[in-house]
Structure formats: C-alpha cells, structure tokens
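K.L.:
Sequential numbering of the sequence shown, starting at -19, is according to my numbering. Glycine is no exception: its CB is placed at the ideal position from the N, C-alpha and C atoms.
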Amino acid sequence: MSRFFGKIRQAGYVVDDIEAAMQYWSDKLGVGPFFYKERVPIMNYRYRGQSYEPHNSVALANSGELQVELIQTRNDVPSMYKDFRDAGHRGLQHVAYWTDTFDADLDRLTQQGYKVVMEGEVGENGRFVYFDTHYHPGTVIELSEVAGPKGRMFDAIRKASEDWDGSVPVRPFPDLSNI
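1) What are the uninterrupted segments assigned as alpha helix (DSSP H) that are 4 or more residues long and contained completely in the segment 27 to 99, given in chain order?
2) Any contact of the segment 108 to 124 with the segment 71 to 81, i.e. 3+ C-beta pairs under 8 Å?
3) I believe Pro13 touches Arg151 by the beta-carbon criterion, under 8 Å. Please report the beta-carbon distance rounded to the nearest angstrom.
4) Please identify the residue among Arg132, Val126 and Tyr27 whose C-alpha is closest to the C-alpha of Trp78.
5) What did DSSP end up calling Ala127 once you bin it into helix, strand or coil?
6) Just to confirm before moving on: does the CB-CB distance between Tyr16 and Ala39 stay below 8 Å?
7) On the CB-based measure, 16 or more other CB atoms within 10 Å of its CB, does Ser21 come out buried or exposed?
8) In chain order, what residues of the same chain lie with their CB nearer than 6 Å to the CB of Arg163, ignoring the 5 residues before and after it?
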C-alpha cells in the first residue's frame, strides 16, 4: 500500500510480441485468462501536450487483485511506452493506481508537484494520466479512473481469473459500450 496513492492495482509491461507474452504468462506463470484488444480505443490522447492517434495492443489479466497489463505499440506515435522501448527497455514500465475520484486525486497530485506527461480516455469515466516519474525502468505512475465501464470491465477480468482452469487463455476484450 502506498501512503500517497493507495494500493498498486496494475503492473504494466511493455513487450515486443504481445501474443508470445500472453502465452508465456498463461503457460509458464499460470496467469489468465487474458482479455486482448488489438487496437485499444483511446480518445483524447495527448503526450506532452500534443494530440496523437496511438495504435496500442493491450492484454489484461489478473493475478489476485493485481492486474497484469501487456502493451505492444504498433505505430511510432510519441508515448511513454515508446520512450521506454527507445531507451532499450522491455518489461515493467508502470504501476497504476485506480480511482473513482479522478478529478480530486489528479488535483491533489498535481498540487504535490506531479506532472502529467501522457493522458487519454478509454470509455466513459475511463480517463488516465501518466506522471513524469521515470527515475528508472518500471517506476512510471499511472492514475486510472475506474468510475465507468472500464472499472466494470476490470472487475469482470478479475472475476474471470478467480476460478480460471487454463482453458481459453486469450479472450476478446469486452465491449465497453455493453458493460
């Protein structure tokens, strides 16, 4: 538990081959099932204040309460994931804290000196920000809003992992408009 942010809810890994990474995590570590989206629908994406259209593939699974996120960038849009890769890194890129009081938490953290580098939205009430906290690989901090469909999807992914028997290790991402 972080005294500043609460529980770490997600560990985000930047990978070169998301399909191979899902297979490794499922087969060798027994984590799954993964919910996979070849192109995450990110709205209002900004990196260092500029708008872009990223093409990122994402796979999500849980190990207990900790969500594992696998991320593969599919284009050269500026991002903290691309920065991480360009620096020669692979693996743990960020830890995420989830909130249903996004505005208040973002205001509190920016008043404490945290600076937003990357931001966007995944579904209604699914905003996210990444702070400029990259002191060494794996220490970038994400604040992720879970007050809407994205939060319900995260709950469904966790529930799917609870009694997972290893079958169907890769599943389609739930449709956020129907969850």
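P.N.:
In short:
1) 60 to 66 and 82 to 91
2) Short answer: they touch.
3) Their Cβ separation, rounded to whole angstroms, is 5 Å, which keeps Pro13 and Arg151 in contact under 8 Å.
4) Val126
5) coil
6) yes
7) A quick correction: the sequence has Pro, not Ser, at residue 21. By the 10 Å Cβ count, Pro21 comes out exposed.
8) Lying outside -19 to 159, the shown extent of the chain, residue 163 is not represented and no answer is given.
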